[in-house]
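Report on the structure given below.
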Amino acid sequence: MIEKQETVEIKPEELQTKVTEAMAKGYRLVAISCTKLDYFQLDYTFDCNLSFLNCRLKLPLVNPEIKSITDIYWSAFTYENELHDLFGIKITGINIDFGGKFYKIKEVAPFGKSITIKTVEGKA
Amino acid sequence: MPINPFVKMTATIIKSLFSPSACKMYPVEKPVFYANTRGHIAIQTDKCTLCTLCAKKCPTYAIMVDRNAKLWKIERTKCIMCLNCVYACPKKCLTNENQYSSPVTVKTQEVFNITPPAPAQVAEPCGQKETTT
Amino acid sequence: MPKRTIIPFGPQHPVLPEPIHLDLAVRDEKVVEVIPSLGFVHRGLELLVTRKDFMDMVLVAERICGICSFIHGLGYCQGVEEIMNLQVSPRAKYLRAFWAELSRVHSHILWLGLAADAFGFESLFMHSWKIREKILDIFEETTGGRVIFGVCKVGGLRKDIENDVLERIRKTMDEIEADYRTIAKVFKEDYSVKHRNCGVGVLTADEAYKLGAVGPTLRASGISQDMRKIGYGAYGDLNFEPVVEKDGDCYARTMVRVREVYQSFDLMRQCIDKMPEGPVDMKVTGFPKGEFFSRLEQPRGEVVYYIKGDGTKFIQRYRVRTPTFANVPPLVKMLGGCDLADVPVIVLTIDPCISCTER
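Residue numbers (the working numbering), protein chains in the order written: chain G, 23 to 146; chain X, 2 to 134; chain A, 8 to 366.
Encoded structure:
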């Protein structure tokens, strides 16, 4: 066991209060990750003096929308733009909105779609 | 503030001035390869049983195995020398050689004729069964 | 009030080894606002995990970046091992720490060279890279590769280093350190280096922490934070203190890296001294089921891997948050209000690794 990792399940509406709490306790924003399961699983990861805190919430696959935390953590705009560009999650109230131009990729929200496997020549 | 801004570097510069070149004089002085250096993949054609595990494990699809014609092909320009095939090979007939493959102007496949060892004759029906199921 | 001009910086620029684009809003010679944009080298490696065998994925993980490749592989392996509850042999742990520190030395010296090049000290650049070459030779001798090593695997290592080879490497390391001392002196004391870097791109401790800066960028602002202190791998048994500088300017960030190289040499010596005997590999059975946030310290700072397995051959999600990604907002803050001529130096001091950032 490398370290103890605490995960708190929260509802999307509670996000703002939870994040404000974390900010008040002196936590540093480590990452916002998204995982596509039957729903979108959002992980807001924080760290304070090497103690780990993770807030997890679920969003539906259809029309996912979440309020931005950039009012609390200014630096969250990179992660939130990434969520929008790669997963197609709509973020409201973001401080620097790239409008889908943060990643210059051809496809819209490639990670949010179901994957199609292309066969390569010489490989079944 | 120091009087001469170059003072800190002077000793190193003078040392470099009178020491021999730090670069290898390539065509005259050949580079030294270590035993571990990942140069190219070599195959012992008499030990291979055409199991195709190397082709399945290859991340860049550089290896192709033709079971019917008993050929083992590798495209050197595609190979990234990850040695996945070497570790996967059940007969240990693939090895890593420490010389780099020679430069080419045209991308070609290198083809090896496999002469399977005698026990492979027994193993062959098993392999055919695999393809039918 | 002078008019605002937008000056594009990058994606192709002499100081940038990799493509990042910055839109610099400039008033006179002062930068007032910066908008970064990424995505020129987005390859979608994270998604590749869903169709690669989890044992083979480590090879892809290593190829995220060419400089910190070993630590990327290590992070993936540690995460999967944690999920599968594998106890890696102590020798493998120490060898991993050894290679990781050697990578750090290699990365820092490479960066010092690039930094010297950015502030126009060409000969220092050449000398730094001359030293780095010897480290690459050690890598080639022990792993077979100079950039991508491919030694780390889930459950241990593919290659072992013999004890007599380790002793020989210790001697080579002494030589490298002696050479490095002469270069480090120039970085520390030279007038032109100080003149170019002191007081440029200042980031206060409070700002750095709130903006989520990591690694040398954070430590240069006076906050002692090093992920190695979690004690992953062999680091729990090794003795070290994070290198901290106070000023938070470009010079402090350079100094943190200059001093971390000595620290890494020291850690490598500790590894060789304490190297336990035993096997380095183990048999891995079963498939990963569970999740873990694997956190490690890369040369550039903290890296986070989120790994989620569902009990099949393929891992469900592999998310990488690299140090440069976390250092982009601090960079934006640093650049606000600086001179246009200082932009290249400041951009370089966060040690941008864009291929890492975009996976």
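Don't be surprised by glycine CBs; every beta carbon is placed ideally from N, CA and C.
In this text, all values refer to a predicted model and were calculated from it rather than measured experimentally.
6 Å Cβ shell around residue i - same chain, five flanking residues per side excluded
i, result
"residue 54 (chain X)", "89"
"residue 76 (chain X)", "63 and 110"
"residue 68 (chain X)", "51"
"residue 132 (chain X)", "Caution is warranted here: a pLDDT of 39 is assigned to residue 132 (chain X), below 50, making its placement in the model unreliable, and the coordinate value is therefore given only provisionally. Cβ within range, chain order: n/a, list empty."
Local Cβ density within 10 Å of residue i, reported as buried at 16 or more and exposed below that
i, result
"residue 61 (chain A)", "buried"
"residue 56 (chain X)", "buried"
"residue 36 (chain X)", "exposed"
"residue 72 (chain G)", "exposed"
"residue 232 (chain A)", "buried"
"residue 13 (chain A)", "exposed"
"residue 129 (chain G)", "exposed"
"residue 67 (chain G)", "buried"
"residue 351 (chain A)", "buried"
"residue 100 (chain X)", "exposed"
"residue 129 (chain A)", "exposed"
"residue 50 (chain A)", "exposed"
"residue 11 (chain A)", "exposed"
"residue 124 (chain A)", "buried"
"residue 19 (chain X)", "exposed"
"residue 204 (chain A)", "buried"
CB contact below 8 Å: residue i versus chain G
i, result
"residue 49 (chain A)", "yes"
"residue 363 (chain A)", "no"
"residue 161 (chain A)", "no"
"residue 44 (chain A)", "yes"
"residue 326 (chain A)", "yes"
"residue 336 (chain A)", "yes"
Beta carbon proximity, residue i to chain X, threshold 8 Å
i, result
"residue 110 (chain A)", "no"
"residue 150 (chain A)", "yes"
"residue 96 (chain A)", "no"
"residue 238 (chain A)", "no"
Residues near residue i in its chain [Cβ-Cβ closer than 7 Å; skip 5 each side]
i, result
"residue 52 (chain A)", "67, 71 and 366"
"residue 26 (chain X)", "none"
"residue 264 (chain A)", "115, 118, 119 and 223"
"residue 330 (chain A)", "221, 222, 305, 307, 308, 309 and 310"
"residue 99 (chain G)", "92, 116, 117 and 118"
"residue 124 (chain X)", "Residue confidence for residue 124 (chain X) is low, a pLDDT of 45 falling below 50, so the modelled location carries little weight; the figure read from the coordinates is stated next. Excluding residues within five positions, the ones whose Cβ falls inside 7 Å are 50."
"residue 52 (chain G)", "67, 68 and 69"
"residue 122 (chain X)", "Unreliable positioning characterises residue 122 (chain X) in this predicted model, as indicated by a pLDDT of 47, which lies under 50. A coordinate reading is not provided."
For residue i, the nearest candidate out of the options (CA to CA)
i, options, result
"residue 86 (chain X)", "X:10, X:15, X:51 and X:33", "X:51"
"residue 80 (chain A)", "A:118, A:46 and A:160", "A:160"
"residue 324 (chain A)", "A:349, A:330, A:313 and A:183", "A:313"
"residue 327 (chain A)", "G:104, G:120 and G:121", "G:104"
"residue 146 (chain X)", "X:105, X:65, X:38 and X:115", "Residue 146 (chain X) lies beyond the range of chain X shown here (2 to 134); nothing can be said about it."
"residue 88 (chain A)", "A:162, A:29 and A:130", "A:162"
"residue 294 (chain A)", "A:305, A:316 and A:303", "A:316"
"residue 257 (chain A)", "A:202, A:84, A:318 and A:364", "A:202"
"residue 87 (chain G)", "G:115, G:60 and G:70", "G:115"
"residue 9 (chain A)", "A:198, A:32, A:148 and A:321", "A:32"
"residue 42 (chain X)", "X:81, X:106 and X:18", "X:81"
"residue 149 (chain A)", "A:106, A:184, A:204 and A:65", "A:106"
"residue 165 (chain A)", "A:55, A:56 and A:95", "A:95"
Chain A within 8 Å of residue i, Cβ atoms only
i, result
"residue 65 (chain G)", "yes"
"residue 72 (chain G)", "yes"
"residue 79 (chain X)", "no"
"residue 83 (chain X)", "yes"
"residue 78 (chain G)", "no"
"residue 114 (chain G)", "no"
"residue 25 (chain G)", "yes"
"residue 13 (chain X)", "yes"
"residue 52 (chain G)", "yes"
"residue 19 (chain X)", "no"
"residue 34 (chain G)", "no"
"residue 23 (chain X)", "yes"
Expected contact under 8 Å - CB spacing of residue i and residue j to nearest Å
i, j, result
"residue 109 (chain A)", "residue 275 (chain A)", "6 Å"
"residue 229 (chain A)", "residue 255 (chain A)", "7 Å"
"residue 54 (chain G)", "residue 101 (chain G)", "4 Å"
"residue 299 (chain A)", "residue 90 (chain A)", "5 Å"
"residue 271 (chain A)", "residue 111 (chain A)", "5 Å"
"residue 58 (chain G)", "residue 133 (chain G)", "7 Å"
"residue 18 (chain A)", "residue 24 (chain A)", "Incorrect: roughly 11 Å between the Cβ atoms, too far for contact."
Chain-order list of residues whose beta-carbon lies under 8 Å from that of residue i (same chain, five-residue window excluded)
i, result
"residue 112 (chain X)", "72, 73 and 74"
"residue 41 (chain G)", "66, 77, 91, 94 and 95"
"residue 98 (chain A)", "167, 282, 283, 284, 285, 286 and 287"
"residue 348 (chain A)", "36"
"residue 85 (chain G)", "112"
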